[in-house]
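Per numbering that gives the first Met the number 0, the very first residue in the sequence shown carries number 0; after that it's consecutive.
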Amino acid sequence: MSTKTTSEILTPPAGFDVNNDGVYAFINPKKGSPVWERISDWICVRAITRDIYGQNHGRLCEFVTIDAQRREIIIEAKKFATGGTAIIAELLSLGFTIEQTPGAAKKLISLLSQWIPEKRITTTEKLGWLKQDAFILPSTKVIGSPLVKFTGDKDLNAKSSCGTLEGWRENVASLAVGNAPMIVAISAGFSGPLMEPLGLESGGIHFWGGSSCG
């Protein structure tokens, strides 16, 4: 199974150990010797998340699925207040494996709730600029700061595309060569993302002239 190496794993809370083989909890029973008990497959809390207002906190977790695939999930902090049942259900639905031994799920929730890494990530549900540090494309790809995550509805925000760059150059851009008004009009279509960095709410271009000038 492909997992992170031990040197890459952030330090978990006391009483837990995370290695390539999975997550272990230290058990000190009233009777018998203390043991390390495996509670789940590999999982790690990478960062604390919050929105631009410093609210809606959560934890960015990376884990390995039953198919040995790495996945990420942002767990909302408020879900810990209800015992973590919803968290366990969500992880299981994404292919994460938790041991069926008594208390394993509860111990996993304890691990995730106590794990507080230093890294902080800002989340946003909107496309476009985020404090001029990052720009979220219609594809939901983030350009700029690596400390930004898009958490909105990807299907709702999805934008369709059509044609190719070569086709656009041949059938649109080439026809504007030598025509200054046409070049300005085409360029205006790309000006939207520049409004916020320039401190402008919006803008427009007014063409004036005789109707016969084209």
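Virtual Cβ for every residue (Gly too), placed ideally from N, Cα, C.
Asked, Found
"Contact check, ILE42 vs PRO33, beta carbons under 8 Å", "no"
"Runs of alpha helix (DSSP H) lying entirely within the segment 96–120, each at least 4 residues, in chain order", "103–113"
"Contact set for GLU195: own chain, Cβ-Cβ below 8 Å, skip 5 residues either direction", "GLY127, TRP128, GLN131"
"ALA179 versus LYS140, PHE206, ASP20, GLY162, residue with shortest Cα-Cα distance", "PHE206"
"CB contact flag (ILE73, LYS148, <8 Å)", "yes"
"Option nearest ALA80 by Cα separation, candidates ILE97, TRP35, HIS56", "HIS56"
"Neighbourhood of LYS78 by C-beta distance below 6 Å, restricted to the same chain and skipping five residues each side", "ALA85, ILE86"
"Through-space distance from GLY188 to ASP16, alpha-carbon basis", "54 Å"
"Nearest neighbour of ARG70, chosen from TRP167, ARG45, GLY53 [CA to CA]", "ARG45"
"Nearest-angstrom Cα separation, counted from ALA24 out to ALA133", "39 Å"
"Distance between beta carbons of THR121 and ILE51, contact taken as under 8 Å", "6 Å"
"Limits of the alpha helix (DSSP H) - the one that GLU169 falls within", "164–170"
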